[in-house]
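Novice: Residue 781 is where the sequence shown starts when you use the working numbering, and the numbers rise one by one after that.
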Amino acid sequence: MAAKHFAIVGCGTGGLATALFLAREGHRVTVFERFSEPSAVGAGILLQPTGMAVLRELGLLEALEATAARVDTLDGRIADGRRVMDVHYRHLAADAYALGVHRANLLQVLSSAAFGAGVELRCGAEVDSIQQAAGHGSLTLAGGEKAGDFDGIVIANGTQSRLRTQLGIPQTYKPYPWGALWTICPAPEGPLAPALQQRYDGSTVMIGVMPTGRDPVSGQACVSFFWSLKTAEYPVWRKTSFDRWKTQVLSHWPQIEPLMSSIADPEQLLLATYADVRMRHWHEGNTVVIGDAAHGMSPQLGQGANLALVDALVLGDCLARHSDVAAAFAAYSHQRRRHLRFYQFASRWLTPLFQSDSRLAAWTRDCSFPLTNRIPFTRREAIRTVAGLKTGLLLDRPALEVDGRSGLWPAKE
Ligand SMILES: Cc1cc2nc3c(=O)[nH]c(=O)nc-3n(C[C@H](O)[C@H](O)[C@H](O)COP(=O)(O)OP(=O)(O)OC[C@H]3O[C@@H](n4cnc5c(N)ncnc54)[C@H](O)[C@@H]3O)c2cc1C
781 MAAKHFAIVG CGTGGLATAL FLAREGHRVT VFERFSEPSA VGAGILLQPT GMAVLRELGL
841 LEALEATAAR VDTLDGRIAD GRRVMDVHYR HLAADAYALG VHRANLLQVL SSAAFGAGVE
901 LRCGAEVDSI QQAAGHGSLT LAGGEKAGDF DGIVIANGTQ SRLRTQLGIP QTYKPYPWGA
961 LWTICPAPEG PLAPALQQRY DGSTVMIGVM PTGRDPVSGQ ACVSFFWSLK TAEYPVWRKT
1021 SFDRWKTQVL SHWPQIEPLM SSIADPEQLL LATYADVRMR HWHEGNTVVI GDAAHGMSPQ
1081 LGQGANLALV DALVLGDCLA RHSDVAAAFA AYSHQRRRHL RFYQFASRWL TPLFQSDSRL
1141 AAWTRDCSFP LTNRIPFTRR EAIRTVAGLK TGLLLDRPAL EVDGRSGLWP AKE
């Protein structure tokens, strides 16, 4: 495609990765971000082999790995110590693993590459609305300023996107009743297990700890901590004695006492809420929606950032292969369908097993997961699901196969 001018709304994982793919194809790219400056805020993200493959394609994996922590296994246990979640990346390939990364480090690696490639960033530019007309688009910013005229607009502004709702595409937005309190704190002394560890009590209690690599400010090793909480109960949690809550956490998982001692103030914990976003398709004329704005889901399967990265890769590929922007966006929608539908379905069905009031859901998890781990076929399907590779329940194609341009991940598959 001849060089075009694209607007990308949102300077998150999906927006930055897309900006980089497009700039490297020779397009002019302007990213609009509502925050006035990029900050080091961000949760710990489990970057799956699919997301790692996209970063490898961008030539950024090595730089990110220097600040990330290796994760070899997912280790989830119930109150009696029995391991119900027992997923190993080595069951995918002998040298496979995931990465625990600080979101700020991921954004830093992506943004320096994007700006090095000539991407223009407009910070403090909240986009209020988009206008499309005959193959062109423009944006109206909060305050009334108009920006345009663009050959294509990429909406990548996260789950709460109001721009998505301005499109005439049938869609639904359903908030999950449960969210999570999270924080990133200094890693306790001693070696860190290369594992995402979780503790469950039924499906009402879930605690998670994940090595998260290096803190972007201090450079010290850090870990992410998560505590599952109903969003409606957050005001009650704020009023509860903090020490009483810490005692409750430790009653489920006494071994994390050194980590809990670094959480001294409720202000350190942020509430993450999430929602299930469904769209019939993701393109309309010269506008396309990607990332959480297009397919927000619960983080239970650890896929959001990975899917946003694969979106960026596929979008870049479609624009490289079509001479017309609208045709490229339509091809993108078609190509992403199976992969995204599978993960939306899986996250919708799996989330209540970990976050709900249902005893049956927890019982189902505690009985079925260990069984899954014992049977080689289901064990492999489980790790392929976690790795972000699946595009269907039984019959599926490798997720990163882009119209025959296969082999991004993994050659050994
Ligand atoms: C607690 C928690 C844990 C998670 N763990 C994982 C994990 O382990 N693995 C994983 O893969 N994913 C995880 N995720 C999900 C992951 O963080 C998201 O899926 C991913 O960041 C989505 O990227 P995005 O680019 O679509 O959106 P975002 O990263 O949300 O970026 C959107 C950007 O758009 C900007 N913006 C919003 N509105 C406007 C506007 N009107 N104008 C201009 N700019 C705007 C925002 O400021 C933001 O910078 C987790 C999420 C949560 C909440």
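Glycine included, every Cβ here is placed at the ideal spot set by N, Cα and C. From a predicted model like this one, the values you see are computed outputs, not experimental measurements.
Which value, in whole angstroms, describes the spacing of the CA atoms of Ala803 and Ala897?
Specialist: Spanning the two alpha carbons is a distance of roughly 6 angstroms.
Novice: What do you reckon, is the C-beta of Ser1148 under 8 angstroms from a heavy atom of ligand 1?
Specialist: Every heavy atom of ligand 1 is 8 angstroms or more from the Cβ of Ser1148, so no.
Novice: Excluding the five sequence neighbours on either side, which residues of its own chain have a C-beta within less than 6 angstroms of the C-beta of Gly928, listed in chain order?
Specialist: Only Ser918 meet the Cβ criterion.
Novice: CB Ile1043 to CB Thr939, shorter than 9 angstroms?
Specialist: Not closer than 9 angstroms, so no.
Novice: Taking DSSP's pairing of strands, which residues face Trp1007 in a bridge?
Specialist: Its beta-bridge partners are Leu961 and Ile987.
Novice: Quick one, are the C-beta atoms of Gly790 and Val1090 less than 9 angstroms apart?
Specialist: No, the pair does not count as a contact, with Cβ atoms beyond the cut-off.
Novice: Go ahead and label Asp995 buried or exposed: buried means 16 or more other beta carbons lie within 10 angstroms of its beta carbon, across all protein chains shown.
Specialist: Counting Cβ neighbours within 10 Å, Asp995 comes out buried, since at least 16 surround it.
Novice: Taking CB distances under 9 angstroms as the criterion, tell me whether Leu800 reaches chain D.
Specialist: The question asks about chain D, but that chain is absent: this structure has only one protein chain.
Novice: Taking buried to mean at least 16 other C-beta atoms within 10 Å of its own C-beta, is Ser1008 buried or exposed?
Specialist: It counts as buried.
Novice: If we ignore side chains and look at the alpha-carbon of each, how far apart do Ala1012 and Gly923 end up?
Specialist: Each residue's Cα considered, the two are about 33 angstroms apart.
Novice: The alpha helix (DSSP H) that contains Glu1161, what's its start and end?
Specialist: Where Glu1161 is concerned, the enclosing alpha helix (DSSP H) stretches over Pro1156 to Ala1167.
Novice: I want to check one thing, is the minimum distance from the CB of Ser1127 to the heavy atoms of ligand 1 below 8 angstroms?
Specialist: False, no ligand heavy atom lies under 8 angstroms from that Cβ.
Novice: What are the boundary residues of the alpha helix (DSSP H) that includes Thr1047?
Specialist: The sequence given here places Glu at residue 1047; Thr does not occur at that position. Taken as a continuous stretch (DSSP letters only), Glu1047 belongs to no alpha helix (DSSP H), as it is neither H nor E.
Novice: Could you check what DSSP says for Thr845 in three-state terms: helix, strand or coil?
Specialist: Going by the sequence as given, residue 845 is Glu instead of Thr. DSSP places Glu845 in helix when its eight states are reduced to three.
Novice: Between the Cα of Ala884 and those of Asp1056, Ile1036, Arg1018 and Gly999, spot the shortest distance and give me the residue it belongs to.
Specialist: Comparing Cα-Cα distances from Ala884 to each of Asp1056, Ile1036, Arg1018 and Gly999, the minimum goes to Gly999.
Novice: In chain order, what are the residue ranges of uninterrupted alpha helix (DSSP H) at least 4 long that sit wholly in the segment 829–875?
Specialist: Segments of the alpha helix (DSSP H) lying fully in the segment 829–875: 829–837 and 841–845.
Novice: Which residue's Cα is closest to the Cα of Leu916: Ala787, Arg1024 and Leu1120?
Specialist: Before going further, note that residue 916 is His rather than Leu in the sequence given. Minimum Cα distance to His916 is reached at Ala787.
Novice: Taking the C-alpha atoms as reference points, what is the distance between Thr992 and Pro968?
Specialist: About 12 angstroms.
Novice: Using the Cβ count rule (16 or more neighbours within 10 Å means buried), how would you classify His1114?
Specialist: The residue in question, His1114, is exposed, as its Cβ has fewer than 16 Cβ neighbours within 10 Å.
Novice: For Asn966, which beta-bridge partners are listed by DSSP?
Specialist: The displayed chain sequence assigns Pro, not Asn, to residue 966. DSSP output for Pro966 lists Cys1002 as bridge partner(s).
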